[in-house]
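These notes are about the structure you will find just below.
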Amino acid sequence: MEKIIVTTPTELESIIEKVFDRKIVPEEKVEKTYSINQVAKLLGRSHKKVSDLVALGVLKTTPDNRIFESSIRAYNNK
5 MEKIIVTTPT ELESIIEKVF DRKIVPEEKV EKTYSINQVA KLLGRSHKKV
55 SDLVALGVLK TTPDNRIFES SIRAYNNK
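Numbering (the numbering used here), first residue to last: 5 to 82.
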């Protein structure tokens, strides 16, 4: 059996805001990422060299191969 919920627009808006507050990651917790080309330019290296560093696991990436800023910093500090 299906349930029908009766609510006011204000209550619905409040519920939606609560859901979004739980699901959205605060901006300060999202780390900046760069493409391989961007990192190559930043480091003054070739695209191949940066790709090799990614393949070796020296530079940590997202699933779509964007390189984390913290990984670039760690590499530069070596």
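Here a beta-carbon is modelled for each residue, glycine too, at the ideal position from N, C-alpha and C.
Legend entry - DSSP-derived helix/strand/coil call for Ile71: Position 67 of the sequence shown, counted from the start, is the residue given in the question as residue 71. In the three-state reduction of the DSSP assignment, Ile71 falls in the strand class, which pools E and B.
Inset, instruction - Pull up the distance between the alpha-carbon of Ile9 and that of Val23, whole angstroms please. - result: Working through the sequence shown from its first residue, we reach residue 9 at position 5. Working through the sequence shown from its first residue, we reach residue 23 at position 19. A straight line joining the alpha-carbon of Ile9 with that of Val23 spans about 17 Å.
Inset, instruction - Measure the CB-CB distance between Leu47 and Asn80 and report whether it falls below 9 Å. - result: If you number the sequence shown from 1, residue 47 lands on position 43. If you number the sequence shown from 1, residue 80 lands on position 76. For Leu47 and Asn80, yes; Cβs fall inside 9 Å.
Inset, instruction - Would you tell me roughly how many angstroms separate the C-alpha atoms of Val34 and Ala78, rounded to the nearest one? - result: Looking up residue 34 in the sequence shown gives position 30. Looking up residue 78 in the sequence shown gives position 74. C-alpha separation (whole angstroms): 18 Å.
Legend entry - Cβ-based burial, Leu16 [other Cβ within 10 Å; buried from 16]: Indexing the sequence shown from 1 puts residue 16 at position 12. The residue is exposed, with fewer than 16 neighbouring Cβ atoms inside 10 Å.
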